[in-house]
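First the structure, in the form of structure tokens, and then the observations on it.
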Amino acid sequence: MTIFWHGQGAFKIVDKEVIVAIDPHDKTGLKMPKFQANILLLTDSKDQMINAEGLRGDSFVIECPGEYEVKNVFVYGLTASKFKDEKITIYMVEMEGIKIAHLGKISQDSLTDDQLEILEGVDILLLPVGGGETLDNRQAVKIISQIQPRVIIPMYYKIPGLTVKSDSVDLFLKEYGVAKPETMEKFKINKKDLPQEETKVIILAPA
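Counting with the numbering used here, you get residues 50 to 256 for the letters of the sequence shown.
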């Protein structure tokens, strides 16, 4: 499995047969690459900065809470709260035996028991950390303590070209106590190589 980050909450997750896209963006100052995805997950279809039309081809679109199975990929959508009490859908995706959680622009101080029933112990957590309409660095660290993932990939933070006001990822790294995170252009992982005794923080360069 390979995970690419395209800035903000946009990801491309690729396994041997399936491409999953999450929250392709628009009106952010960043360039969103065009590619074809088998499955498209939208955390908030009303968000003007999320552009479902930006991908090529026909994708199976998921934008509501529920349980789905598409091409041997299992998707669980859960209702969560966003800035100003708006509702979004956060996701847990299971593919190649690896569980990945994407929390969208969640702004809850803590997760509910129902959310934790699905999200607790996921392998990879795609976590907003830049504040504004979503979690700031302190809130993000609290969510980590609830979920206890093996790998954390921060999202929704300040990068060159972004016109949306956000904090630097360095504030999160300091709050979480990470001096030297692993930085890479893409994250390749399989189940047997997931960390067992520690939680890794991976900083992805926008693809």
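Cβ atoms here follow ideal geometry from the backbone N, Cα and C, with glycine treated the same way.
Close-in-space but distant-in-sequence residues of the same chain around residue 109 (CB under 6 Å, 5 per side omitted): Correct list, in chain order: 88 and 119.
Cβ-based neighbour list, residue 150, same chain, cut-off 6 Å, excluding 5 preceding and 5 following: Excluding residues within five positions, the ones whose Cβ falls inside 6 Å are 141, 168, 171 and 174.
Proximity winner among 209, 231, 232 and 203, relative to residue 220 (alpha-carbon distances): The shortest Cα separation from residue 220 among 209, 231, 232 and 203 belongs to 203.
Length of the line joining the Cα atoms of residue 52 and residue 235: In a straight line, the C-alpha of residue 52 is about 6 Å away from that of residue 235.
Under the three-state DSSP convention, the category residue 205 falls into: Here DSSP, grouped into helix, strand and coil, assigns residue 205 to coil.
Beta-carbon proximity check, residue 231 vs residue 249, cutoff 8 Å: Cβ distance < 8 Å, so residue 231 and residue 249 count as in contact.
Rounded C-alpha distance that separates residue 75 from residue 125: Their backbone Cα atoms lie some 25 Å apart in a straight line.
As assigned by DSSP and simplified to three states, the class of residue 61: Look at residue 61 here: in three-state DSSP terms it is strand.
Reduced DSSP secondary structure (H/G/I, E/B, other) of residue 171: Assignment of residue 171 by DSSP, reduced to helix, strand and coil, places it in the coil class.
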